[in-house]
Structure formats: structure tokens, C-alpha cells
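Single-structure report; data block below.
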Amino acid sequence: MSAITVTAGPPRRGSGISRYFGFWPVVTAIVLVLIVGLLLVPVGNIVGVSLSAGAKTGSIFENYVNFFSERFYYQTLLNSFWVSIWAMIFAVCLGVPAAYFVNRYDIWGRGFVRAAVVLTFVSPPFIGSYSWVVLFGRSGVLTQLFNAIGVPLPSIYGAPGIIFVFTLQFFPFVFLLVSSGLKSIDQSVEDAARNLGSGEFRTFRTAIAPLLVPSITTGALLVFVASFTDLGTPIILGERFRVLPVLIYGEFVNEFGGRPVLASALSVLLLLVTTGALLLQRWLSARFSYATAAIRPLQVQEQPLGKRIAATAFVFLLIGFALLPLVNIVVSSFLKSNGPVLVASFTLDNYARIMDRITLPLWNTLFYTTVATLLCAVVGTAVAYIIVRRPGPVSSVLDTVVMFSYAVPGIVLGVGLVVTYHEPPFALTGTATILILAYFIRRLPFSVRSSVSMLQQVSRDTEDASINLGAGPGRTFVKITVPLLATAILSGALLTWSNTIRELSATLILQSGTTATVAIEIFNEVVNGNFGVASALGTVLILLTFLPLVVLFTLLGKKDEALV
Amino acid sequence: MKPIFKSIITAAMASFALGAAALAQAPATEGKLVVYASHPSEMVDHFTKMFGDKYGIRVTTVKAGTGELLNRIRAERNRPSADIMWGGFSDTGASAPDLFDKYSSPELANVEPKMLDASGYNTPFAASTMVIIYNKSQVKPEQAPKTWADLAKPEWKGKIVHADPSKSSSALAALNTWLLIYGRDEKAWTLVEDMTKNMNIILKSSLVFQQVGRGEYPIGVTYEEGAINYVLAGTAGIVYPADGTLLEPEGMFIVKGAPNPKASKLFADFLLSAEAQKELTAKFPGRRPTRMGVQTHPEMKAASDLKVIDYDSKWAASSRAEVLDRMQKIIVKTQQ
Chain A
883 MSAITVTAGP PRRGSGISRY FGFWPVVTAI VLVLIVGLLL VPVGNIVGVS LSAGAKTGSI
943 FENYVNFFSE RFYYQTLLNS FWVSIWAMIF AVCLGVPAAY FVNRYDIWGR GFVRAAVVLT
1003 FVSPPFIGSY SWVVLFGRSG VLTQLFNAIG VPLPSIYGAP GIIFVFTLQF FPFVFLLVSS
1063 GLKSIDQSVE DAARNLGSGE FRTFRTAIAP LLVPSITTGA LLVFVASFTD LGTPIILGER
1123 FRVLPVLIYG EFVNEFGGRP VLASALSVLL LLVTTGALLL QRWLSARFSY ATAAIRPLQV
1183 QEQPLGKRIA ATAFVFLLIG FALLPLVNIV VSSFLKSNGP VLVASFTLDN YARIMDRITL
1243 PLWNTLFYTT VATLLCAVVG TAVAYIIVRR PGPVSSVLDT VVMFSYAVPG IVLGVGLVVT
1303 YHEPPFALTG TATILILAYF IRRLPFSVRS SVSMLQQVSR DTEDASINLG AGPGRTFVKI
1363 TVPLLATAIL SGALLTWSNT IRELSATLIL QSGTTATVAI EIFNEVVNGN FGVASALGTV
1423 LILLTFLPLV VLFTLLGKKD EALV
Chain B
25 MKPIFKSIIT AAMASFALGA AALAQAPATE GKLVVYASHP SEMVDHFTKM FGDKYGIRVT
85 TVKAGTGELL NRIRAERNRP SADIMWGGFS DTGASAPDLF DKYSSPELAN VEPKMLDASG
145 YNTPFAASTM VIIYNKSQVK PEQAPKTWAD LAKPEWKGKI VHADPSKSSS ALAALNTWLL
205 IYGRDEKAWT LVEDMTKNMN IILKSSLVFQ QVGRGEYPIG VTYEEGAINY VLAGTAGIVY
265 PADGTLLEPE GMFIVKGAPN PKASKLFADF LLSAEAQKEL TAKFPGRRPT RMGVQTHPEM
325 KAASDLKVID YDSKWAASSR AEVLDRMQKI IVKTQQ
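Going line by line, the protein sequences match chains A and B.
If you're matching positions, the first sequence starts at 883 in our numbering and goes up one per residue.
If you're matching positions, the second sequence starts at 25 in our numbering and goes up one per residue.
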């Protein structure tokens, strides 16, 4: 704990410890301690458990050999690649044009679209996936509707359904990152290309897109990893199409002890893939980073009517599809239920039923999410600075390790934290602290990535000037770098907030009844078949995620730009 | 910018101070009870509230699947935070003697003798049976399978949903039932393999009755309680298989080293009381009370009309690893 109180010290004044050790080395050390304690030790413990157990049977690689010699197992790895790669491709193909249209064209309802994209992000866990079955399942509402007019819909089950859902669920990563990338490009870049005779598409391809590469690769990476580690959707839509996380979940959540060695081996495989993807992204964005400063960001352009209509239609169709499960959840929350079956008449019963038990989970959710988001913003921005501005072996390790936390599935992290922090003197299981720390470490990459992308495009001239004029490194960071990064920090915080508020997999392992969150309540209700009650809770969660963001951005007077 | 930054830091520091306060909480004392439960949350909430109000005990519940909870109790075994594990079947306790304590409630004298746990761990507050559920709009009652063995017929290929026996105690109970009925030999396993070929094996047992009730699958293998809610809602029907089924007490165990042993025992006694057992029938159709003289819900077939097999729970406990291992091979073979 004491390490953390120190975090608060140095940024305020260049005095105290930092006088003797330097501001950034101290910050780096603190961050490393946090990451080692919250991430590496817990994950290491899981791996350690698996290896010691494996040693009994002779080879420590026995489980890997089993995995790769049995098609049932190794097929899950191939399946995970298949759905994640396609989801990534589709998300980029849809997210980049959508971001371009919304930011460059005078399409109708741009404010609404920005808000709606954030809404798609706040889809509550588990119930969001189950919603697709309610809509497009074999007896789904829309399936039946389309059947009635003679249009048979393809099945939502299996690989195509999972790819479809992942694409719609995760394209906002690309949309948000490309939008903020577009804002840092100067209008002069486009003007120059156009004046030299390039058409719009050619200009985009040759002048703008290269500057967007860090944003696009980061977005694509987030989609890939989110798809690769997602459990809720494939567990419901997969049927015989099994992916790696479903297999891991099955081995961890096993009534009869399960096969922890196999589960750990599977987790290690998952970690290898996601870590590999992250390293690839890092290499790509280092390879393609350009330092530009947008004095005059790209302008919105008037378009001919036809083009304006087409772009609006494209964006609205995409958003409309992505919002379907949310609409379904909100509508279902007002439906009367006959036992477990929802019927077509409206009521407030579901809300009456959640009234008396939502207070505590609600408070817990808000409190944990707020604290974790603030921590992520503070620590994440500092880490981003170290990575971009203080390159070296330590910062390179830091970069890889922070990204690694994005690769650790929630359930693995949860079990690892329980194993590590159950015994005194660090008996933290069941406390609010362990949940906040888990959220913090799990979502830290959002803040880091967001600031890194921005920082790579901001030249360091201003910072150097500040240092040369005599300000200390801490003061320069707070006074110069942080304001420069304000948009990136906010958008990182937005991602952190909306992803933390709905965190389920680690919370399932770490909560203790009194620390249950709204997401836990939703999970329990969906599992028990109370879709109406779960929908009411889901609606509350959607509001919780969305409203504070709107209020925050309105208060900051940046409603338009800061949302993306 | 500075004041904003300052306030962020202050907030972060304050939150850690709060975290530290939570850390320093006094150790749990009697007057409290921590229940880990894998039963439907409405039932858990109902009985824990009833118990808490009656005895002035502050009850905390943690709800998750039986497997998740068992793993958690195992992880916490050097410093237990749970008092009660409310879930699983009667043999769950005996199969993990390192996690649970034996308890023999005085109320057991009023419980059906068949429901008692010979090994002494379980408090059998309710019994459940495995059934076939079918969706009424997709399967006519006369076409529905009549026996477990019917599920192996080619006409049901891809139409049956069943939970993975290694992930769900009810699914394992069903598998054991099939093996016990058909002789536990190669012939029985062949039948199981033929049935499994027709099935979609899923991880969550509660999704079975939901998906059939909603019409995503025509047929499912599930526990009576899950099915009955959809029967009462009019979307599904139940088949009590003619080749037999099991009637097994459900589990409720006291965790070894429970921080609140007195409250735990009181809770066990309370669940077996006439008051709680009558409440069970009235509020939670589908659960069969175990106390002698308490009637089941009128919509359910009386226990005396069921063809109940003699469920060999000793065999079930001792052969569990072997059965699951073999079933895993069948799943690997048939589910790709």
C-alpha cells in the first residue's frame, strides 16, 4: 500500500524523494512494483502451479503435447484465430469509413452518431450476447418476423454468428481511435494533396491513411484481442464451434476440481497469442509513427446530396445494427413476464423487483469504477510518457508488460489474484481493494495506448522548451504534456470507465456478496432465466455508463469533440 | 489544470485510505453468516432473508455456479470466508472431506429416510429429479421421447441440448442414471455415445431449460425445477422418462473451519423446519420438499408415481473420475 501513496507525491512537486532520485526513475519504479505485484506475480503463480503439477507425470509439457495432438483441443485455437481475424478485418472495414464520414462529412445527426457509438460500447456483459439469441435465434423475434414475410435469416449460431456479433460489438475501438487520429492531422496535409491534383480517395489512401496507421493498428489490435479473449458470446452462440476461452472457462469452472494443469496450459497459449499480437502492433506503430502537430485539424467538408445521403445511410445502418441488443434489453426491461417467459404487454414490474436489492451493487459499481478509472488515467498517462519519451530497455519492458495485462483474460487474473492475495499479510480477497486493483491493472492498457498513440504524434519541442526554461521534469509533465494529451487522456478514461463498469469475468472470482456489482447481478439473473429482471438491471447499467459521460463532457464544454 | 490534477490525486489517495479501512475490518463474529450458493438467486434471497429476519443474523450471499464456488472454497481453505455451501448434490460433501464438516441436524429425524446422507455431510433440504423437457410448439406431446434411450434415435440428431457432465452436477447425475439403468457396461456406454451424437453439449446447465423454453432447441435434458417454470408458463412440457430417473437430495454443507459455526448449524436446522419446507413448496414450484408430511406442488407428478431408480451414490462418488474421463472422450469424439 505504501508504494501507492508515494505515486501521489512526486507529480505535484519536484521535491522529496525525487530530489534525490529524479522524477521519472521514481515513477517508473512505482509503476513496475504495481505491475509486478498485481499482474506478473499472480499470473506467474498460476503458471507455477501448472508446472509443478505437471512435473509429477514426467514431462512439464505433457498438456501442450495433448493439446496439439487432439483435434478437439487444437481446433479451438484455430477457431479463435478464425473468428478474431475476421472480426478484426470487418471492424476495420466498417470502423475506418464510419469514422471518416462522421469526422469529415456533413452527414446528418453527427452528434447522435458519436453518442450512439459510445452507447454500443456500453452493452452490458452476458445479457448483450444473450440478446442476439433473443433477436436472431432459431425462435428469435426478428427471425420469426422475417420468416413471416418469407425471408429466411441465416443462423446466428456458429462461426459466422460469432464474427457478426464481435464485429458489431468491437468496431467502436477502431471508430474511436481513428476519429481521434483524424483530429491530430493538419488540414494542410489534405490541402497539399488535393492541390497537387489527387482525388478524394487517392488523398485518403496516400496522404491521410498513412498518418492513421498507428490508430488503425491499435484499433485492430484491440478488436483482435477482445475477440480472442471474449467468453460471453461464444459460450452462447458457439454450439459445436468451440473457441479457446470457452475451453479454459470449462476447465476452470469445473465442479469436480477440473484439470488445473490443462487450464493453465490453455491460459498460457492464450497469453502467447495475445502477447504476440501486441508485440506486432507495437512494431507496426513504431514503424509508422509520424510526429505532426495539428495546428488546424481536418475540417468537415460539405458534400453533394447523394454522397451525403449515402454516407449517412451507411453510418446509421451500422450503428442501428450495433444498437439492436441494447434496444432489445431496454424494451425487454418493460415487458411483463409470465414465469420465465416475456409476454407482449408493458409493465414496470421488473424495476419494482430490482428496487430493494440494487442499492448496494449500484454503489459498489460506481465507487470501484470511478476509483479504478482515476488510477488508470493518472498511472496510464505517466506510463505512456515513459514509453514514448524515455525509450530504453526499462521502458521497452514496461511497454510489453503493460500490454500483457490486456492479454490476460479476466478469469485467469481473478484466480491468480485469489491465489496470491488470500493469505495475510496481504489478505485482500473479498475486499473492495482487490476489485479496484484488479480493474485498474486490467484496464490500464486503455489509458496507456490512448496516450501513447497521441504522444507519438505530438512533437516534443514544447516539452524541451519547458525543460530548457528551467521547469523540472515533473512540472513539465503536469503543465505541458498532460494538457497536450487532454483529449487522449479523456478518451482513454472513457474506454476505461465503460469497460470497467461492465467487467464480469474477474469480478465473478473476486467478489464476495457484499462487494457484488451490477454486472454480477445481471449474470445471476440471466443464468437463472429471469430475462426481464436482468434487462432492467442492464438498462440501469447502460444509463450508468452513458449519462456520467454525457454530463462530464457537457460540463467540460467539449461535448462534440471529446466524446471520440 | 493544477487544481484538477490535485483533486484527482486527493481522490486516489482517499480511495486507498478507504480500501485500507476495509482491510482492517474486525474478524467475522457470530450474528453473521456467509452463504455460498449456486441455487437460483430468488430462492437463495428468499430463504436467507427469512432466516436473517427470524434470527437477527446478517446473511451475506455469494452466488455463482457450484464449480466456481467449490474452486473458491478450495482456494480459501486455509482461511475460510464461507460458512455454508448451498448447492451441488448430496455426495458433493463426501467427495471433498477436506473442505466440509459433517453435520447431523436434529431436524433430520423428520426427513424422509431415503434422503439422508449416509456419510453425514449433507443437510437435504430439497430433492430434485432429472427430466426431459420439450418445446411445445416444436414437439407434440405424443411425439416426445418417452425414455432416455429414445434420445439416441436418429430423428433427434442435433435437436437435443444437454450440459457437459464435467461442468454440471445435474448433468453428471443424468449420465450416472443412464449408466445405472443400462448396466454400467460397454453396451450402456455405446448408448450414451449414441445419445451424445445427437446432442449439443453446452457449459451452463441453466441454459438448457431456457433455450428449450424459448424454442432454440426442441428437446433438453434438465432438472425438474428448471423445466417446471416453463411448463407453468405454457411453452414447454415435461417427460418423466419411463426407463427411470433418480430422485436425489440436493446439497447444503457446512464449510470446514466456518467462521460462524453456530449460525451455520442454525441455518441448516432452519432449512429443514416445517416452516421453511412449506414455504419451499408454496413459493418455488419444482423443488421437492424432503420433510415428511409436506406436499409437493400440484403440477408435479407425485414422487410415488415416478419410476425412481436405486441411485448408487457410493458408486457415483467412487467412479466419478473414471466416468467423467470416459465421457470427455465421447464428447471429444462426437462434438467436433
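Positions of the beta carbon are idealized from the N, C-alpha and C atoms, including for glycine.
A quick note: this is a predicted structure, and the numbers were derived from the prediction, not measured.
{"query": "Should residue 319(B) be flagged as near chain A, meaning a C-beta pair shorter than 7 angstroms?", "result": "no"}
{"query": "Measuring straight from C-alpha to C-alpha, what distance separates residue 205(B) and residue 261(B)?", "result": "23 angstroms"}
{"query": "I'd like the list of long-range same chain contacts for residue 116(B), defined as Cβ closer than 6 angstroms, with 5 residues on each side in sequence excluded.", "result": "275"}
{"query": "Could you name the residues of the stretch 235-249 of chain B whose beta carbon sits closer than 9 angstroms to any beta carbon of chain A, in the order they occur along the chain?", "result": "235, 237, 238, 239, 240, 241"}
{"query": "For chain B, is any of its Cβ atoms less than 7 angstroms away from the one on residue 1269(A)?", "result": "no"}
{"query": "Let me see if you follow: with CB-CB separation under 7 angstroms, is residue 86(B) close to chain A or not?", "result": "yes"}
{"query": "If you draw a straight line from the C-alpha of residue 1043(A) to the C-alpha of residue 1119(A), how long is it?", "result": "7 angstroms"}
{"query": "For a quick check, are the C-beta atoms of residue 316(B) and residue 131(B) less than 7 angstroms apart?", "result": "no"}
{"query": "What's the C-alpha gap between residue 300(B) and residue 71(B)?", "result": "8 angstroms"}
{"query": "Could you tell me which chain B residues have their CB closer than 7 angstroms to the CB of residue 1030(A), listed as they occur along the chain?", "result": "Here the premise fails: no neighbours, minimum Cβ distance about 14 angstroms."}
{"query": "Can you give the Cα-Cα distance for residue 49(B) and residue 1299(A), rounded to whole angstroms?", "result": "Low confidence applies here, because residue 49(B) scores a pLDDT of 36, under 50, leaving its location unreliable and the question unanswered by this model."}
{"query": "Mind reading off the beta-carbon distance from residue 1378(A) to residue 1389(A)? Whole number of angstroms is fine, and I expect it under 8 angstroms.", "result": "Not quite, the Cβ-Cβ distance comes to about 15 angstroms (not below 8 angstroms), so this is no contact."}
{"query": "CB-CB under 6 angstroms to residue 1403(A), same chain, minus the five flanking residues each way: which ones, in chain order?", "result": "1243, 1419"}
{"query": "Any idea what DSSP makes of residue 282(B), helix, strand or coil?", "result": "coil"}
{"query": "Comparing alpha-carbon positions, which option in 1330(A), 1325(A), 1303(A), 1393(A) lies nearest residue 103(B)?", "result": "1303(A)"}
{"query": "In whole angstroms, what is the alpha-carbon distance linking residue 339(B) and residue 1024(A)?", "result": "48 angstroms"}
{"query": "Quick check: the Cα distance between residue 123(B) and residue 1311(A), rounded to an integer number of angstroms?", "result": "18 angstroms"}
{"query": "Starting from residue 986(A) and walking both ways along the alpha helix (DSSP H), at which residues does that stretch end?", "result": "953-986"}
{"query": "If you count every other CB in all the chains shown that lies within 10 Å of the CB of residue 1026(A), and 16 or more means buried, which is it?", "result": "exposed"}
{"query": "With a threshold of 8 angstroms, are at least 3 pairs of Cβ atoms found where one atom belongs to the stretch 996-1004 of chain A and the other to the stretch 1201-1211 of chain A?", "result": "yes"}
{"query": "Tell me where the alpha helix (DSSP H) around residue 1316(A) begins and ends.", "result": "1314-1339"}
{"query": "With 7 angstroms as the threshold, decide whether the Cβ of residue 191(B) is near any Cβ in chain A.", "result": "yes"}
{"query": "Identify the contact partners of residue 1021(A) in chain B, using a Cβ-Cβ distance below 9 angstroms as the criterion.", "result": "159, 161, 162, 238, 239, 240"}
{"query": "Provide the residue(s) that pair with residue 321(B) in DSSP beta bridges, ordered along the chain.", "result": "Answer by DSSP bridge pairing: none, since residue 321(B) is not bridged."}
{"query": "I need the DSSP call for residue 96(B), collapsed to helix, strand or coil.", "result": "helix"}
{"query": "Using the Cα positions of residue 57(B) and residue 125(B), report the straight-line distance between them to the nearest angstrom.", "result": "16 angstroms"}
{"query": "Going straight from the alpha carbon of residue 99(B) to that of residue 1314(A), what length do you get?", "result": "19 angstroms"}
{"query": "Comparing the C-beta of residue 93(B) with each C-beta of chain A, is any distance below 7 angstroms?", "result": "no"}
{"query": "At what residues does the beta strand (DSSP E) containing residue 154(B) begin and finish?", "result": "150-159"}
{"query": "Taking just the CA atoms, how far does residue 1416(A) sit from residue 1241(A)?", "result": "15 angstroms"}
{"query": "If you measure from the beta carbon of residue 353(B) to each beta carbon in chain A, is any gap under 7 angstroms?", "result": "no"}
{"query": "How big is the Cα-Cα spacing for residue 1221(A) and residue 309(B)?", "result": "11 angstroms"}
{"query": "Short of 6 angstroms in beta carbon distance, which residues of its chain neighbour residue 1144(A), apart from the five on each side in sequence? Order them along the chain.", "result": "945, 1133"}
{"query": "Is the shortest distance between the beta-carbon of residue 230(B) and the beta-carbons of chain A less than 7 angstroms?", "result": "yes"}
{"query": "Within 7 angstroms (strictly less), CB to CB, does residue 1235(A) reach chain B?", "result": "no"}
{"query": "Can you list the residues of chain B that residue 1322(A) reaches, using a CB-CB cut of under 7 angstroms?", "result": "Chain B residues near residue 1322(A): none, gap ~10 angstroms exceeds 7 angstroms."}
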